[in-house]
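Beneath this line is the structure, given in structure tokens, with notes to follow.
Number of protein chains: 4
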Amino acid sequence: MTIAQPLPSYLVQRYHGWKATAYQENKTWYRRLASEGQRPRAMVISCCDSRVHVTSIFGADQGEFFIHRNIANLVPPYEPDGDHHGTSAAVEYAVTVLKVAHLIVLGHSQCGGVQGCIDMCKGKAPELEAKESFVGRWMDILRPKFDSVADIEDATQQARSFEHQAVLASLDNLMTFPFVADAVADGSLTLHGLWTDIGEGGLEYYDPDAGRFIAV
Amino acid sequence: MTIAQPLPSYLVQRYHGWKATAYQENKTWYRRLASEGQRPRAMVISCCDSRVHVTSIFGADQGEFFIHRNIANLVPPYEPDGDHHGTSAAVEYAVTVLKVAHLIVLGHSQCGGVQGCIDMCKGKAPELEAKESFVGRWMDILRPKFDSVADIEDATQQARSFEHQAVLASLDNLMTFPFVADAVADGSLTLHGLWTDIGEGGLEYYDPDAGRFIAV
Amino acid sequence: MTIAQPLPSYLVQRYHGWKATAYQENKTWYRRLASEGQRPRAMVISCCDSRVHVTSIFGADQGEFFIHRNIANLVPPYEPDGDHHGTSAAVEYAVTVLKVAHLIVLGHSQCGGVQGCIDMCKGKAPELEAKESFVGRWMDILRPKFDSVADIEDATQQARSFEHQAVLASLDNLMTFPFVADAVADGSLTLHGLWTDIGEGGLEYYDPDAGRFIAV
Amino acid sequence: MTIAQPLPSYLVQRYHGWKATAYQENKTWYRRLASEGQRPRAMVISCCDSRVHVTSIFGADQGEFFIHRNIANLVPPYEPDGDHHGTSAAVEYAVTVLKVAHLIVLGHSQCGGVQGCIDMCKGKAPELEAKESFVGRWMDILRPKFDSVADIEDATQQARSFEHQAVLASLDNLMTFPFVADAVADGSLTLHGLWTDIGEGGLEYYDPDAGRFIAV
Numbered sequence: 001m002t003i004a005q006p007l008p009s010y011l012v013q014r015y016h017g018w019k020a021t022a023y024q025e026n027k028t029w030y031r032r033l034a035s036e037g038q039r040p041r042a043m044v045i046s047c048c049d050s051r052v053h054v055t056s057i058f059g060a061d062q063g064e065f066f067i068h069r070n071i072a073n074l075v076p077p078y079e080p081d082g083d084h085h086g087t088s089a090a091v092e093y094a095v096t097v098l099k100v101a102h103l104i105v106l107g108h109s110q111c112g113g114v115q116g117c118i119d120m121c122k123g124k125a126p127e128l129e130a131k132e133s134f135v136g137r138w139m140d141i142l143r144p145k146f147d148s149v150a151d152i153e154d155a156t157q158q159a160r161s162f163e164h165q166a167v168l169a170s171l172d173n174l175m176t177f178p179f180v181a182d183a184v185a186d187g188s189l190t191l192h193g194l195w196t197d198i199g200e201g202g203l204e205y206y207d208p209d210a211g212r213f214i215a216v
Numbered sequence: 001m002t003i004a005q006p007l008p009s010y011l012v013q014r015y016h017g018w019k020a021t022a023y024q025e026n027k028t029w030y031r032r033l034a035s036e037g038q039r040p041r042a043m044v045i046s047c048c049d050s051r052v053h054v055t056s057i058f059g060a061d062q063g064e065f066f067i068h069r070n071i072a073n074l075v076p077p078y079e080p081d082g083d084h085h086g087t088s089a090a091v092e093y094a095v096t097v098l099k100v101a102h103l104i105v106l107g108h109s110q111c112g113g114v115q116g117c118i119d120m121c122k123g124k125a126p127e128l129e130a131k132e133s134f135v136g137r138w139m140d141i142l143r144p145k146f147d148s149v150a151d152i153e154d155a156t157q158q159a160r161s162f163e164h165q166a167v168l169a170s171l172d173n174l175m176t177f178p179f180v181a182d183a184v185a186d187g188s189l190t191l192h193g194l195w196t197d198i199g200e201g202g203l204e205y206y207d208p209d210a211g212r213f214i215a216v
Numbered sequence: 001m002t003i004a005q006p007l008p009s010y011l012v013q014r015y016h017g018w019k020a021t022a023y024q025e026n027k028t029w030y031r032r033l034a035s036e037g038q039r040p041r042a043m044v045i046s047c048c049d050s051r052v053h054v055t056s057i058f059g060a061d062q063g064e065f066f067i068h069r070n071i072a073n074l075v076p077p078y079e080p081d082g083d084h085h086g087t088s089a090a091v092e093y094a095v096t097v098l099k100v101a102h103l104i105v106l107g108h109s110q111c112g113g114v115q116g117c118i119d120m121c122k123g124k125a126p127e128l129e130a131k132e133s134f135v136g137r138w139m140d141i142l143r144p145k146f147d148s149v150a151d152i153e154d155a156t157q158q159a160r161s162f163e164h165q166a167v168l169a170s171l172d173n174l175m176t177f178p179f180v181a182d183a184v185a186d187g188s189l190t191l192h193g194l195w196t197d198i199g200e201g202g203l204e205y206y207d208p209d210a211g212r213f214i215a216v
Numbered sequence: 001m002t003i004a005q006p007l008p009s010y011l012v013q014r015y016h017g018w019k020a021t022a023y024q025e026n027k028t029w030y031r032r033l034a035s036e037g038q039r040p041r042a043m044v045i046s047c048c049d050s051r052v053h054v055t056s057i058f059g060a061d062q063g064e065f066f067i068h069r070n071i072a073n074l075v076p077p078y079e080p081d082g083d084h085h086g087t088s089a090a091v092e093y094a095v096t097v098l099k100v101a102h103l104i105v106l107g108h109s110q111c112g113g114v115q116g117c118i119d120m121c122k123g124k125a126p127e128l129e130a131k132e133s134f135v136g137r138w139m140d141i142l143r144p145k146f147d148s149v150a151d152i153e154d155a156t157q158q159a160r161s162f163e164h165q166a167v168l169a170s171l172d173n174l175m176t177f178p179f180v181a182d183a184v185a186d187g188s189l190t191l192h193g194l195w196t197d198i199g200e201g202g203l204e205y206y207d208p209d210a211g212r213f214i215a216v
């Protein structure tokens with residue numbers, strides 16, 4: 001039998017608060033979205049981290065953003081081997097079915113996944129090296145980029161640079177998907193790399209000409 | 001070279017609106033979250049669908065919810081084969097590192113992924129059967145549950161029931177992860193199955209005693 | 001023969017500037033809007049005044065706002081007499097065809113139309129009294145509300161109050177349209193009264209409980 | 001009592017974004033516009049359609065364009081009968097009070113109003129024939145021009161040609177206003193007919209010598 005508990009009452013209260021306010025305010029729009037289907041303009045790939053303000057930053061929850069969240073906002077390379085690939089499935093659906101106009105990778109400061117990868121690369125996290133470590137095997141996606149930040153001595157600077165690299169790794173891997181590359185080539189899709197500072201509320205975007213992240 | 005464009009200006013405007021209001025209002029809290037780390041009370045697994053009100057329903061974006069979003073809010077079974085498993089990595093991180101108290105699977109109405117699985121099971125979506133279809137291979141996770149809804153004639157009812165089954169399949173698969181089963185066994189973690197009606201703003205939870213979903 | 005001149009070159013330059021930037025940035029979205037049709041969430045009725053920031057305030061020009069602009073943002077009462085009624089046609093199309101969720105009347109400071117109506121009511125604008133004066137006859141819509149501000153001595157205060165009244169007159173007249181009243185009654189449409197201060201960039205909304213305009 | 005709701009919160013966020021950026025950037029200019037009054041160089045008559053890029057195309061919202069927007073950018077003929085004529089009032093104010101130098105009629109592709117008129121002319125829209133249909137009675141302004149496009153077999157071509165005719169009908173009707181004809185005659189006002197392709201971002205102007213619309 002499926003194991004489950006009722007919703008904790010602190011969440012029941014919040015739900016009713018939402019129902020009486022935001023839902024009430026947007027009822028007509030939500031009903032139209034339900035009956036007519038979604039038509040999101042952008043897909044956002046961000047981290048699961050509870051501190052990432054992905055929806056509030058852009059005013060989401062209104063049908064405009066198709067949102068995939070995983071550890072460290074990573075996209076694995078194209079690998080059509082018949083296995084379950086959740087991130088690849090989300091990207092495929094957004095680009096080929098929903099035909100979003102923008103694909104945004106949103107990284108962030110103080111990322112635990114990125115820090116774990118640094119620890120692993122420095123030989124300080126043997127538990128993440130185990131074959132059974134899902135987090136370790138997931139962060140393997142970012143591992144090849146460590147060389148580019150290995151020499152940075154300041155730990156905060158190194159983490160920040162590696163968080164930037166995580167965004168770039170995802171953007172680069174996105175281009176290995178034929179349907180992404182095709183949509184970018186024919187001009188129907190643009191890619192965007194962002195990084196947000198959780199504490200300061202800052203937002204930076206990657207500028208390929210400058211070769212670095214620049215404040216919005 | 002990494003391919004990327006600057007952030008579209010309509011999103012720059014929204015970011016600045018957030019910065020001047022929600023960020024300003026919560027600045028002190030966000031800074032504490034940045035310096036002291038996240039301590040989310042719950043993990044939510046929901047769909048990427050742009051119409052799912054996951055953050056607004058519970059007032060998220062404030063450090064309380066570790067959120068993983070994928071197509072059809074699915075959790076694959078435990079499979080420690082050394083490959084990249086994004087969903088499994090997110091669950092592992094939430095349960096073993098963050099030690100969340102609640103693990104919530106949130107399904108929803110009008111789910112395109114679930115509908116695609118129905119079409120596939122009825123032999124009406126050959127393109128999803130292809131080995132290269134990431135969406136098809138991802139929805140394979142739900143496929144074994146189709147028998148339980150195959151006889152429902154009304155298409156809307158069948159979709160709704162299968163959306164419910166997607167939540168139950170995820171809950172069942174979660175229990176195949178040793179660290180989840182252990183945390184549930186020692187009482188440090190509870191599992192919750194929810195389903196929300198996008199248009200009506202309704203919320204239902206799975207009640208194992210009743211064997212069905214009940215309105216909150 | 002139709003009389004017309006080519007576009008002045010200063011506007012040709014601006015067009016090319018837009019084409020190379022904002023259009024380029026939003027090309028995919030604009031193409032989808034063209035092929036799939038508009039689905040605006042709100043209608044805005046504002047003034048023709050060149051200083052009203054209606055589109056930039058809300059980030060319009062992206063398919064979200066159906067915008068009608070006329071002198072003093074007025075809506076005449078329901079009058080299905082078979083004549084040409086541009087404002088009534090726009091409201092009818094927005095509510096019955098596009099089924100917008102919100103109908104927003106946006107008034108503003110320093111409104112020339114409202115000032116003309118004050119002058120007319122004070123007997124200081126005989127030219128506006130002429131049957132041939134389109135502006136005078138249009139401002140007749142607001143005239144019955146003058147009693148409520150006639151006693152205000154300070155000219156600036158009086159103008160501001162009458163600008164507020166123009167918004168309320170439009171909201172009241174909107175409710176005389178059967179299809180507006182029906183949509184409001186069944187909860188599928190909400191009405192909103194706003195007023196913006198051009199110089200200060202302020203924005204106020206009408207609060208029926210308070211019986212006055214309140215800063216956003 | 002006047003019926004109204006507060007501004008939906010997604011628009012409050014956008015307003016604050018504008019206030020913190022575009023307003024801040026242009027504050028001094030906006031204050032001058034408020035204290036010294038508007039002095040627009042041109043009037044634009046365009047459609048209410050949410051997809052028409054009227055302000056962004058020319059960089060409006062800065063005091064330069066007096067903008068009237070109605071269904072299908074139509075101008076009715078001169079009819080000083082004492083009734084409420086919103087479009088005529090806007091034209092009168094722009095030409096006689098503001099003394100704009102240019103009067104621009106901007107048509108566009110995929111125009112729902114024009115399509116409705118085609119349906120009506122082909123006997124396929126009985127609901128638009130009703131006396132109570134404001135949209136139908138408004139589109140009567142364009143109806144006499146249908147003969148010129150009736151023989152075009154391709155539906156897209158026919159719609160495009162009729163959209164062009166809507167611009168010409170408005171230009172012709174503008175010349176029936178004595179104050180417009182006078183200003184054109186003494187060289188203080190020029191008329192311009194434009195048509196924009198929503199998806200492609202194209203812009204065409206009417207050339208009377210060529211007798212057709214030509215790309216800018």
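Residue numbers (UniProt numbering), protein chains in the order written: chain S, 1 to 216; chain H, 1 to 216; chain L, 1 to 216; chain Z, 1 to 216. C-beta atoms are modelled at their ideal positions from N, C-alpha and C, and glycine is treated no differently.
Taking H/D147 as reference, the option from H/E36, H/Q110 and H/C117 with the minimal CA-CA separation is H/C117. Among the bridge pairs identified by DSSP, H/G193 is matched with H/V105.
S/D186 has a beta carbon lying at 8 Å or more from every beta carbon in chain H.
When the Cα atoms are used, L/I104 and Z/D186 turn out to be separated by approximately 40 Å.
Looking at the DSSP output, H/L171 shares a beta bridge with no other residue. One alpha carbon belongs to Z/I198, the other to H/S170, and they sit about 44 Å apart.
Straight-line measurement puts the Cα of L/Q165 at about 16 Å from the Cα of L/A215.
In the structure shown, the three-state DSSP call for H/I214 is strand. Taking a C-beta distance under 8 Å as the contact criterion, H/D172 and S/D83 do not qualify as a contact pair.
In terms of beta-carbon proximity, Z/S9 lines the interface with chain S, with at least one pair separated by less than 8 Å. Listed along chain Z, the residues sitting closer than 9 Å to S/N26 by beta-carbon distance are P8, S9 and Y10. Counting C-beta atoms within 10 angstroms of its own C-beta, H/E64 has 16 or more neighbours from the protein chains shown and is therefore classed as buried. Taking 7 Å as the Cβ-Cβ cut-off, the stretch 46-69 of chain S approaches chain H at C48, D49, S50, R51, H53, T55, S56, I57, F58, G59, D61, G63, E64, F65, F66, I67, H68 and R69, given in chain order. For L/L74, the secondary structure class from DSSP, reduced to helix, strand or coil, is coil. For H/V95, the closest C-alpha among the options H/L106, H/Y15 and H/F179 is that of H/F179. Setting aside the 5 residues that flank it on each side, S/S56 has no residue in the same chain whose C-beta is closer than 8 Å to its C-beta. Put simply, the backbone Cα of L/A4 is about 35 Å away from that of H/Y10.
Counting only the Cα atoms, Z/R14 lies some 41 Å from L/E132.
Judged by DSSP secondary structure, S/G202 falls outside any alpha helix (DSSP H) and instead within the beta strand (DSSP E) spanning G202 to D207.
Beta-bridge analysis with DSSP links Z/I45 to Z/H68 and Z/V105. The beta carbons of L/H108 and L/C47 sit closer together than 8 Å.
Apart from the 5 residues on each side of it in sequence, S/M175 sits with its Cβ closer than 6 Å to the Cβ of A181 in its chain, given in chain order. Listed in chain order, the non-local C-beta contacts of H/A183 below 7 Å within the same chain comprise V95 and L189, local neighbours out to five positions each way being set aside. If you check the CB distance, S/A89 and H/W138 come in under 8 Å.
For H/P80, the secondary structure class from DSSP, reduced to helix, strand or coil, is coil.
In its chain, beyond the 5 residues on either side, R143 and F146 have a beta carbon closer than 7 Å to the beta carbon of L/C121. Straight-line measurement puts the Cα of Z/K19 at about 32 Å from the Cα of H/I67. With its beta carbon less than 8 Å from one in chain H, Z/Q13 belongs to the interface. Against chain H, the CB of L/A20 has no partner CB under 8 Å away; the residue lies outside that interface.
Inter-residue distance for H/H192 and H/G211 is about 13 Å (C-alpha atoms, whole angstroms). Runs of beta strand (DSSP E) with 3 or more residues, each lying fully within the stretch 105-156 of chain L, are absent.
At the C-beta level, L/P6 and Z/D207 come within 8 Å of one another.
Following the DSSP letters along the chain, one finds L/R31 inside the alpha helix (DSSP H) bounded by residues Q24 to E36. Close CB contacts of Z/V114 within its chain, under the 6 Å cut and outside five residues either way in sequence, are with A72, F162, E163 and A166 (chain order). Between H/V100 and H/A34 a beta carbon distance of about 20 Å is seen, past the 8 Å cut, so the two are scored as non-contacting.
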